[in-house]
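Residues in the sequence shown are numbered consecutively from 0, following numbering that gives the first Met the number 0.
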Amino acid sequence: MTASQSGQLYIVATPIGNLADFSSRAVETLQAVDVVAAEDTRHSKPLLQHFGIHTPLLSLHEHNEQQRSELLLQRLQAGESVALISDAGTPLISDPGYRLVSLVQNHQIRVVPIPGSCALIAALSASGIASDKFSFEGFLPSKQTARRQHLETLKHSEHSLIFYESPRRLQDTLTEAVAIFGAGRRACLARELTKLHETIKTLPLAELQEWVAADQNQQRGECVLLIEGTATAVKADEQELSRVLALLLEDLPVKKAAAIAAAITGGKKNEAYQLALKLQHK
Ligand code: SAM
Numbered sequence: 000m001t002a003s004q005s006g007q008l009y010i011v012a013t014p015i016g017n018l019a020d021f022s023s024r025a026v027e028t029l030q031a032v033d034v035v036a037a038e039d040t041r042h043s044k045p046l047l048q049h050f051g052i053h054t055p056l057l058s059l060h061e062h063n064e065q066q067r068s069e070l071l072l073q074r075l076q077a078g079e080s081v082a083l084i085s086d087a088g089t090p091l092i093s094d095p096g097y098r099l100v101s102l103v104q105n106h107q108i109r110v111v112p113i114p115g116s117c118a119l120i121a122a123l124s125a126s127g128i129a130s131d132k133f134s135f136e137g138f139l140p141s142k143q144t145a146r147r148q149h150l151e152t153l154k155h156s157e158h159s160l161i162f163y164e165s166p167r168r169l170q171d172t173l174t175e176a177v178a179i180f181g182a183g184r185r186a187c188l189a190r191e192l193t194k195l196h197e198t199i200k201t202l203p204l205a206e207l208q209e210w211v212a213a214d215q216n217q218q219r220g221e222c223v224l225l226i227e228g229t230a231t232a233v234k235a236d237e238q239e240l241s242r243v244l245a246l247l248l249e250d251l252p253v254k255k256a257a258a259i260a261a262a263i264t265g266g267k268k269n270e271a272y273q274l275a276l277k278l279q280h281k
């Protein structure tokens, strides 16, 4: 059989909370295909029924992906069309599907994305954390030592960092992040996106950690944690130093203003002095 006689594999995003985010193209695709491969068929059945989708379901999860992928490849090669969904959001994003897509692609079968909700993108778009360059880190290791070690490796990342996090580990992760990235590094907690209790809070890490610790409600539901990278963190520090220096230079000599500004902002005296000299000659 040639590739042109094969069916197509559709990678279909489902909502991450709000059902109105299910696109009409996604619904039409799921209605039209021969089979829908779902991470958890019991979980997806009510959603599909709600949208009048009665296509047969087949499970494809972490533990049977290899074997199911072979089976779906055969069905695609026989000319059937297949859609892949996960429990919520975009398949393959911290969800199964990579093995299936790569296998199918290796057999020259067309893979068609039907884009839609994705928690990391929704979180980033509303976080106020720099979005030009970012690194999606998925879930952090659950063991504390491994988690700390992993965070340490990201300490100097220039890019914004995005994590999926369990609400049970959120407090510990935030405490570790304060110790590793510093109290002043800006971070965002995006919780329960598109749902009733949607919360998006962006604060310096130490304040975010205190805010979460003080409110049990912030330790529930689904969450995304974003931490700004060094590129914007440095800029923010410089802006703060300039602001404080400009005020002090109105009444104090350069050396004194630089020393006090460095003490207030936690910056280096020498850098504050160099900046003070520049500001003085402006
Ligand atoms: N494939 C999904 C996507 O496109 O975002 C992610 C699947 S991953 C197994 C589930 C994790 O995504 C949750 O533990 C949480 O970190 C994040 N997540 C999913 N829905 C969310 C929501 N409504 N609000 C915040 N985070 C969410």
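By construction, the Cβ of each residue, glycine as well, lies at the ideal position given by its N, Cα and C atoms.
Source: prediction; values computed, not measured.
Residue i Cβ short of 6 Å to ligand 1 heavy atom set
{"i": "CYS222", "result": "yes"}
{"i": "ALA82", "result": "no"}
{"i": "ASP33", "result": "no"}
{"i": "ILE92", "result": "yes"}
{"i": "ALA271", "result": "no"}
{"i": "THR231", "result": "no"}
{"i": "ALA118", "result": "yes"}
{"i": "GLU191", "result": "yes"}
{"i": "SER85", "result": "yes"}
{"i": "ILE15", "result": "yes"}
{"i": "GLY88", "result": "yes"}
{"i": "TYR163", "result": "yes"}
Collapsed DSSP secondary structure at residue i in the structure displayed
{"i": "LYS132", "result": "coil"}
{"i": "PRO112", "result": "strand"}
{"i": "SER68", "result": "helix"}
{"i": "VAL32", "result": "coil"}
{"i": "VAL103", "result": "helix"}
{"i": "ARG185", "result": "strand"}
{"i": "ILE263", "result": "helix"}
{"i": "TYR272", "result": "helix"}
{"i": "SER58", "result": "strand"}
{"i": "PHE21", "result": "coil"}
{"i": "PRO95", "result": "coil"}
{"i": "HIS199", "result": "It is worth fixing the name first, because residue 199 is Ile in this sequence and not His. Strand at ILE199."}
{"i": "PRO252", "result": "coil"}
In DSSP terms, what residue i is bridged to
{"i": "ILE81", "result": "Inspection of the sequence shows that residue 81 is occupied by Val rather than by Ile. LEU8 and VAL34."}
{"i": "CYS117", "result": "In the DSSP output, where bridge partners are listed per residue, CYS117 has none listed."}
{"i": "VAL223", "result": "TYR163 and ALA189"}
{"i": "PHE138", "result": "TYR163"}
{"i": "THR13", "result": "GLY88"}
Check whether the region 184-196 and the region 147-157 touch, using three or more Cβ-Cβ pairs below 8 Å as the test. Counting Cβ pairs under 8 Å, fewer than three are found: no touch.
Three or more C-beta pairs closer than 8 Å, one from the region 214-226 and one from the region 120-134: is that the case here? Contact holds between the region 214-226 and the region 120-134, because three or more Cβ pairs, one in each stretch, are under 8 Å apart.
On the three-pair Cβ rule with 8 Å, is the region 33-40 touching the region 113-121? In short, these stretches do not touch, since the Cβ pair count stays below three.
Would the region 161-180 count as touching the region 204-214 if we require 3 or more Cβ pairs under 8 Å? The region 161-180, when compared against the region 204-214, does touch it at the 8 Å Cβ threshold.
Count the C-beta pairs between the region 254-272 and the region 225-244 that are closer than 8 Å, then say yes if the count reaches three, no if not. Touching, per the Cβ criterion.
Assess contact between the region 86-103 and the region 185-200, defined as three or more Cβ pairs (one per stretch) separated by less than 8 Å. Is contact present? Not touching, per the Cβ criterion.
For the 8 Å Cβ check, are there 3 or more pairs between the region 141-152 and the region 39-53? Taking 8 Å as the limit for Cβ pairs, the verdict is that the region 39-53 does not touch the region 141-152.
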